[in-house]
Amino acid sequence: MSSAPAQPDDAGEPCPTPEKRTYRSKAKANRYQRRRRPPAGEKKDRLYPYLCPCGEHWHLTHQSPAQQARIAARIAAQAAAAAAAQAARDEEREAS
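Structure, rendered in structure tokens:
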């Protein structure tokens, strides 16, 4: 685990969630979530590792891989729709 602020990757993209703990590998993230102990009487929530979008380290989330995939698909669809709308506006501008 690292407590230093996340550094940008080669493309210059910083970590979008620098407040989260970072792990050098998926294995280290899994090891942390297995070892953490909940307070007495509380259920231990499962955490799932994911590679940070900056590509430099791993984080943990409560979202299952299936939930992560649905969210990623929704975000990709929104981005595609926004790009298509922008392309249509650009084309309309060029036509006038």
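Just so it is clear: in the sequence shown, position 61 is 61 by my numbering, and no numbers are missing. In this text, a Cβ means the ideal position worked out from N, Cα and C, and glycines have one as well. Since we're looking at a predicted model, the values are computed, not measured.
Taking a C-beta distance under 9 Å as the contact criterion, histidine 59 and cysteine 52 qualify as a contact pair.
Within the DSSP secondary-structure output, proline 14 pairs in no beta bridge. DSSP places proline 53 outside any beta strand (DSSP E), giving it a letter other than H or E. Pairing arginine 24 with glutamine 33, the inter-Cα distance amounts to about 14 Å. Less than 9 Å separates the beta-carbon of alanine 29 from that of leucine 47.
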